[in-house]
Amino acid sequence: MNKSKFNLLNYMIDIHQNFLKDNKDVEPMCVLDSLAVGNYNNRKQYLFLQRFSNIWERVEQREVNKNIRGK
């Protein structure tokens, strides 16, 4: 059995893809772009995109810090 190591960024990409599947009225694009151009149709979609964006930034910074420290 080939088990790949869990990667939080890949998991978050899966979450975003599921969001797009569940919200077909949202154009598939980067979350930050969606927020910038108003690519959402209701408050629930907006709040998801906002929260996702905030979490993504923290996870991304954690990965950068890990690489700087040498894992």
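Numbering-wise (the working numbering), the sequence shown opens with residue -3 and increments by one. Glycine included, every Cβ here is placed at the ideal spot set by N, Cα and C.
Can you give the Cα-Cα distance for residue i and residue j, rounded to whole angstroms?
i          : j          : result
residue 9  : residue 15 : 10 Å
residue 57 : residue 64 : 10 Å
residue 51 : residue 27 : 11 Å
residue 37 : residue 66 : 42 Å
residue 55 : residue 62 : 10 Å
Would you please state the rounded distance, in angstroms, between the beta carbons of residue i and residue j? I believe it to be under 8 Å.
i          : j          : result
residue 43 : residue 30 : With 8 Å as the limit, residue 43 and residue 30 do not qualify as a contact, their Cβ atoms being about 12 Å apart.
Rank the options by C-alpha distance to the C-alpha of residue i and give the top, closest one.
i          : options        : result
residue 11 : 65, 49, 37, 63 : 49
Go to residue i, then tell me how far its alpha helix (DSSP H) extends in each direction, as first and last residue.
i          : result
residue 38 : First-last for residue 38: undefined, no H or E at that position.
residue 18 : 4 to 18
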